[in-house]
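Accompanying notes for the structure given below.
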Amino acid sequence: MTIQLTPQDTIERGLALAAAEGADGCVVLVAETSSTNLRWANNTLTTNGAMRGSSVTVIATVGSGEGTAAGVIGRSSVTEDSLHEIVSAAIATARASGPAEDARPLVDGAVGADWDLEPEETTVGVYEKFAPSLGESLKRAELERRRLYGFANHEVVTLYVGSSTGLRLRQALPRGYVSSTGKNADLSHSAWVGTATRDFTDVDALALDAELTRRLGWATRTVSVDAGRQPTILPPAAVADLMTYLYWQLDGRDAFDGQTVFSKSGGGTRIGDTLSQQPVNLHSDPALPGLEAFAFAVARSSGGSSSVFDNGLTLQATDWIRGGKLEHLMTSRHTAELIGVPEATPDIANYVVSVDGGAGSTDDLVAGLDNGLLVTCLWYIRMVDPQTLLLTGLTRDGVYLVENGEVTGAVNNFRFNESPVDLLGRFTAAGATVPSYSREWGDYFSRTATPPLLVPDFNMSSISQAN
Amino acid sequence: MYKVDTVPEVDASFLALPRHELAQAALHRARDLGATYAEFRLERIRSESISLRDSVLESAKDDEDLGLAVRVIHDGTWGFAAGVALTEDEAVRVAEQAVNMAQVSRPINAETIELADEPVYDDVTWISSYEIDPFTVPRAEKIALLTDYSDRLLKADGVAHVSVHVATIHECKYYANSAGTSYTQQRVRIGPNITAHAVAEDRFDSMSTCAPPAGRGWEYMTGTGWNWDEELAQIPGWLAEKLAAPSVEAGEYDLVIDPTNLWLTIHESIGHATELDRALGYEANYAGTSFATTDKLGTLKYGSSVMHVTGDRTVEHGLSTVGYDDEGVAGQQWDLVKDGILVGYQVDRRMAKKNEDLLGTPRSNGCAYADSSGHIPIQRMANVSLQPAPNGPSTEELISRVKNGIYIVGDKSWSIDMQRYNFQFTGQRFYKIVDGKIAGQLRDVAYQATTTDFWGSMEAVGGPQTYLLGGALNCGKAEPPQSGAVTHGCPSALFRSVRILNTTQEAGR
Numbered sequence: 001m002t003i004q005l006t007p008q009d010t011i012e013r014g015l016a017l018a019a020a021e022g023a024d025g026c027v028v029l030v031a032e033t034s035s036t037n038l039r040w041a042n043n044t045l046t047t048n049g050a051m052r053g054s055s056v057t058v059i060a061t062v063g064s065g066e067g068t069a070a071g072v073i074g075r076s077s078v079t080e081d082s083l084h085e086i087v088s089a090a091i092a093t094a095r096a097s098g099p100a101e102d103a104r105p106l107v108d109g110a111v112g113a114d115w116d117l118e119p120e121e122t123t124v125g126v127y128e129k130f131a132p133s134l135g136e137s138l139k140r141a142e143l144e145r146r147r148l149y150g151f152a153n154h155e156v157v158t159l160y161v162g163s164s165t166g167l168r169l170r171q172a173l174p175r176g177y178v179s180s181t182g183k184n185a186d187l188s189h190s191a192w193v194g195t196a197t198r199d200f201t202d203v204d205a206l207a208l209d210a211e212l213t214r215r216l217g218w219a220t221r222t223v224s225v226d227a228g229r230q231p232t233i234l235p236p237a238a239v240a241d242l243m244t245y246l247y248w249q250l251d252g253r254d255a256f257d258g259q260t261v262f263s264k265s266g267g268g269t270r271i272g273d274t275l276s277q278q279p280v281n282l283h284s285d286p287a288l289p290g291l292e293a294f295a296f297a298v299a300r301s302s303g304g305s306s307s308v309f310d311n312g313l314t315l316q317a318t319d320w321i322r323g324g325k326l327e328h329l330m331t332s333r334h335t336a337e338l339i340g341v342p343e344a345t346p347d348i349a350n351y352v353v354s355v356d357g358g359a360g361s362t363d364d365l366v367a368g369l370d371n372g373l374l375v376t377c378l379w380y381i382r383m384v385d386p387q388t389l390l391l392t393g394l395t396r397d398g399v400y401l402v403e404n405g406e407v408t409g410a411v412n413n414f415r416f417n418e419s420p421v422d423l424l425g426r427f428t429a430a431g432a433t434v435p436s437y438s439r440e441w442g443d444y445f446s447r448t449a450t451p452p453l454l455v456p457d458f459n460m461s462s463i464s465q466a467n
Numbered sequence: 001m002y003k004v005d006t007v008p009e010v011d012a013s014f015l016a017l018p019r020h021e022l023a024q025a026a027l028h029r030a031r032d033l034g035a036t037y038a039e040f041r042l043e044r045i046r047s048e049s050i051s052l053r054d055s056v057l058e059s060a061k062d063d064e065d066l067g068l069a070v071r072v073i074h075d076g077t078w079g080f081a082a083g084v085a086l087t088e089d090e091a092v093r094v095a096e097q098a099v100n101m102a103q104v105s106r107p108i109n110a111e112t113i114e115l116a117d118e119p120v121y122d123d124v125t126w127i128s129s130y131e132i133d134p135f136t137v138p139r140a141e142k143i144a145l146l147t148d149y150s151d152r153l154l155k156a157d158g159v160a161h162v163s164v165h166v167a168t169i170h171e172c173k174y175y176a177n178s179a180g181t182s183y184t185q186q187r188v189r190i191g192p193n194i195t196a197h198a199v200a201e202d203r204f205d206s207m208s209t210c211a212p213p214a215g216r217g218w219e220y221m222t223g224t225g226w227n228w229d230e231e232l233a234q235i236p237g238w239l240a241e242k243l244a245a246p247s248v249e250a251g252e253y254d255l256v257i258d259p260t261n262l263w264l265t266i267h268e269s270i271g272h273a274t275e276l277d278r279a280l281g282y283e284a285n286y287a288g289t290s291f292a293t294t295d296k297l298g299t300l301k302y303g304s305s306v307m308h309v310t311g312d313r314t315v316e317h318g319l320s321t322v323g324y325d326d327e328g329v330a331g332q333q334w335d336l337v338k339d340g341i342l343v344g345y346q347v348d349r350r351m352a353k354k355n356e357d358l359l360g361t362p363r364s365n366g367c368a369y370a371d372s373s374g375h376i377p378i379q380r381m382a383n384v385s386l387q388p389a390p391n392g393p394s395t396e397e398l399i400s401r402v403k404n405g406i407y408i409v410g411d412k413s414w415s416i417d418m419q420r421y422n423f424q425f426t427g428q429r430f431y432k433i434v435d436g437k438i439a440g441q442l443r444d445v446a447y448q449a450t451t452t453d454f455w456g457s458m459e460a461v462g463g464p465q466t467y468l469l470g471g472a473l474n475c476g477k478a479e480p481p482q483s484g485a486v487t488h489g490c491p492s493a494l495f496r497s498v499r500i501l502n503t504t505q506e507a508g509r
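Sequence lines, in order, name chains A and F. Under UniProt numbering, the first residue of the first sequence carries the number 1, and numbering increases by one thereafter. Under UniProt numbering, the first residue of the second sequence carries the number 1, and numbering increases by one thereafter.
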């Protein structure tokens, strides 16, 4: 008979099975997810969905000390019958894998206060307020001969972690976002807005449409601008497009091995180096209000800066860059020892970029610019050269000409080649840090806060004909 | 000894699942609730990922994603739902939820959904072409082979570090729809990458294998379909030469592009540009649209007259090859670009029906795909391939036609705009061509062009002897994002006067 287990039962039975079958240690992670989405194009709904998912990851360890090996098996739809098979497979995999370089004692811990709670769930009801206003905005766009395209997503992940060392942790995290593109009647111009949300109570589709309408209005006048280095205002979304890539390059092991922009010439890392003369900061904290992330390490596989042995490790607020100086790189307990830093600083699923003294909004930066460009967002960003973290990509859905402190028209799109590390040292003005939604990465990594920046010489490498 | 599947069979443990019962429960419930069309998928995707760093196992992970999905048309509106419990009660619940999604969505749906007709395929089975199911090979044996490959590089002079990653996927699907089609399908694919890293006093660099992901089994890692011994033996020398190579002088060059690089340019500038959902705007908020709009079908000069591009879901070992797509449409092959002119698109059943007059056929060409049971089927890429010239030249003959140019091998960085005009690519190796001969490597090279200019500059394509199936395991598209695997076959090809950037100069150094 097929019996579905609760997350807590899955973990307790999994740990017991692992002990009975001779594992020397075990961690079981259960992630219960539910999500619901709406997607629209050409002023009509195109797809939708309500999905429920479950995954169980069993990490079994055999041996001790430096001879410890780990086996990792992940499954969805685990039942009482299949759990035994999964645990056995994890142990067998550990025995077949040999000693793990990152082996460390499993994290100790206690039972969390909310351990016994059921998984949280989202339903299509989360759009109770949003869906009617979306419908209204689609009708309005049709009447006004604009076209709307977009996506709204809401999900809740409830994560349970249990270990043979007594750890019992549970955390539920909601996450939502809206991304909406508007085009004029002949499709010659487009604009974009996006925002992250926890529950959609703070998202008004009509307000998003109003902002799209304002931006499409800027395209009443169009101006051709040549490629080259341009004074450019990057709003918080575009800064997040670039800084998220930088954030993912903070891997301590890769830097130590001489493979990233954070590697020191001739060996070692650049921890302690001044990356920028500007008072710029890059900071993560799982408890940041509105950007809450999992408060403990979660690793379903080991990599440069993560280790399956670190599951459950409490995440501390971390300064990656402080006052322009590189303070920390992402490390597991293993890689922290390897590169010679006192404690592990695993990655955290949020970040905040701030500039000391930064004040005002994107509009304020526009008001202070005599002549230059205002970019909406960046797209298709890929690494060209890891030594400088040179990235290429494109402007998308709205580049505007700024003259004498005002937006005076829409400009063609560009391909850029730029390094976000270099930009941290070259910007000449910064606004206040605000919650942001990266067009390029926000569907995956939406817990960001960034300021708008003015870069005096942003490298627009060539013109893109896209509009 | 592991199993050698000369004639693979559908995995018995998948066949043991109650797929027919679950489908019947879901389809009946959807029909009872008024759905005019319903389809059911039961999918199990096994995946394994093995990573080594400097010949030491870094990670080995075995995953399985198993679940069911129901999609309905109710009152002319799509509704989709998915779940993970394999019980008839859950199948009924998911069907009810799909109908509910359609009802909630109805007020904001302005289009009555209709599907192109497709013959009924009753309880058929299709299995992809492979020899060794990777999941039957003992883990220790896999690690031993990969450690050997890593050691060969790590022991070579000038190689500081080596990273190895191999992903294998085993996909089983049962599909049934309310029209009577049902099939069971099994596909296997594999994606290896081995990279050697060198660290010098003033810079570092890397060199990766060019072995593309393939619709093959573990036999691929032992030499069937790729010559590992030859490539691994040459990588240290190639890497050392690249590290010491002169920096390219930016400007216009003639290019001979190897299929190990050109497949990715095809993917980005042709594969995505000829997706009809993009041309119609369905991806405008995410993946983007296409310059190849429907008003240009039959007239757009996409490239030179030697350009012949096909879409297909049938080629052996293709990553997008299927027996049937996720709407029950049989795999097919068709032209996308013929004699340099845009002549076709990739479509699904909804788009085929709505654009029947434009496309000149009432049938979908079978490009619907969902990357798991948890996602809705969307139009995804077929194997889009540039055809070689019968009796065409070798790569060496193409190089011999170039006075001052660059021969590009292997893929690396890639980027293209949201309408597929402006692209920029790098590669693994760049060889300077002087008077028709290779004259050593260059570094810091990227090529940048506009799609139609680039393909218009294609003077010649190589013959069948230069043809190779490249591809990717992880093409992203749609909201919520889905990952797709796709193959692109192509020969070597010669392009005239393409813009070359110096990436160090681009970085302002």
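Cβ atoms here follow ideal geometry from the backbone N, Cα and C, with glycine treated the same way. For clarity, every value in this text was computed on a predicted model and none was experimentally measured.
Taking Cβ to Cβ, would you say glycine 344 of chain F is nearer than 8 Å to valine 486 of chain F?
no
Which runs of the beta strand (DSSP E) at least 3 residues long sit entirely within the stretch 116-201 of chain A? Give them in chain order.
147-163, 168-183, 190-197
Any beta-carbon of chain A closer than 8 Å to the one on threonine 503 of chain F?
yes
Hey, how far is the Cα of alanine 196 of chain A from the Cα of arginine 396 of chain A?
19 Å
Less than 8 Å between the CB atoms is what I'm expecting for alanine 330 of chain F and tyrosine 175 of chain F, so what's the real figure, rounded?
Not really, about 12 Å apart at Cβ, beyond 8 Å.
So, does the CB of valine 199 of chain F fall closer than 8 Å to a CB anywhere in chain A?
yes
Does the beta carbon of leucine 66 of chain F sit closer than 8 Å to a beta carbon anywhere in chain A?
yes
Check the Cβ-Cβ distances between asparagine 8 of chain A and every residue of chain F, and say whether any is below 8 Å.
Strictly speaking, residue 8 of chain A in this sequence is glutamine, with asparagine absent from that position. No, glutamine 8 of chain A lies away from the interface with chain F (no Cβ there is under 8 Å from its Cβ).
Between the stretch 37-54 of chain A and chain F, which residues of the former have CB atoms less than 8 Å from a CB of the latter, in chain order?
Asn37, Leu38, Arg39, Trp40, Ala41, Asn42, Asn43, Thr44, Leu45, Thr46, Thr47, Asn48, Gly49, Ala50, Met51, Arg52, Gly53, Ser54
Would you tell me roughly how many angstroms separate the C-alpha atoms of arginine 439 of chain A and tyrosine 380 of chain A, rounded to the nearest one?
10 Å
The alpha helix (DSSP H) enclosing residue 477 of chain A, as first and last residue numbers:
The structure shown does not extend to residue 477 of chain A, since chain A is modelled only from 1 through 467, so no value can be given for it.
Short CB-CB distance (under 8 Å) between arginine 41 of chain F and chain A:
no
Between which two residues does the alpha helix (DSSP H) holding arginine 93 of chain F run?
88-105
For glutamate 32 of chain A, the first and last residue of its enclosing beta strand (DSSP E):
25-41
How many angstroms separate the CA atom of leucine 169 of chain A from the CA atom of glutamate 66 of chain A?
27 Å
Check whether the Cβ atoms of valine 99 of chain F and glycine 79 of chain F sit closer than 8 Å, and answer yes or no.
yes
Same chain, Cβ closer than 6 Å to asparagine 177 of chain F, neighbours up to 5 away in sequence not counted:
Glu39, Gly328
With a threshold of 16 other CB atoms inside 10 Å of the CB of glutamate 356 of chain F, please say whether the residue is buried or exposed.
exposed
Check whether the stretch 485-502 of chain F touches the stretch 256-264 of chain F, counting contact only when three or more Cβ pairs, one atom from each stretch, lie closer than 8 Å.
yes
Closer than 8 Å, Cβ to Cβ, to anything on chain A: give me those residues from the stretch 118-145 of chain F, in chain order.
Pro138, Arg139, Ala140, Ile143
Residues in the same chain with beta-carbon distance under 8 Å from leucine 313 of chain A, minus the five sequence neighbours each way, listed in chain order, please.
Val107, Phe296, Ala297, Arg333, Ala344, Pro346
Separation of glutamate 128 of chain A from threonine 36 of chain F, as counted between CA atoms
26 Å
Inter-residue Cα distance where the pair is threonine 136 of chain F and valine 27 of chain A
26 Å
Going along the chain, which unbroken runs of the beta strand (DSSP E) with 3 or more residues stay wholly within the stretch 403-445 of chain A?
406-411, 413-418, 434-436
Take aspartate 204 of chain A and list the residues in its own chain whose beta-carbon comes closer than 7 Å to its own, dropping the five residues that flank it on each side.
Ser133
How long is the line joining the alpha carbons of alanine 160 of chain F and arginine 499 of chain F, rounded to whole angstroms?
33 Å
Reduced DSSP secondary structure (H/G/I, E/B, other) of proline 18 of chain F:
coil
Do asparagine 413 of chain A and valine 399 of chain A have their CB atoms nearer than 8 Å?
yes
Could you tell me whether any Cβ in chain F is nearer than 8 Å to the Cβ of aspartate 273 of chain A?
no
What are the residues that DSSP puts in a beta bridge with threonine 450 of chain F?
F:Asn422
Taking 8 Å as the threshold (beta carbon to beta carbon), is serine 276 of chain A in contact with chain F?
no
Reduced DSSP category for residue 525 of chain F - H, G, I as helix; E, B as strand; rest coil:
For chain F, the structure presents residues 1 to 509; residue 525 of chain F sits outside this window and is missing.
Return the first residue and the last residue of the beta strand (DSSP E) that histidine 334 of chain A is part of.
Careful: histidine 334 of chain A lies outside any beta strand (DSSP E), inside the alpha helix (DSSP H) at 333-339.
In three-state terms, what does DSSP make of threonine 44 of chain A?
strand
Closest by CA to serine 34 of chain A, which one among A:Val156, A:Arg104, A:Ala70?
A:Val156
Specify the secondary structure class of lysine 354 of chain F as computed by DSSP and reduced to three states.
helix
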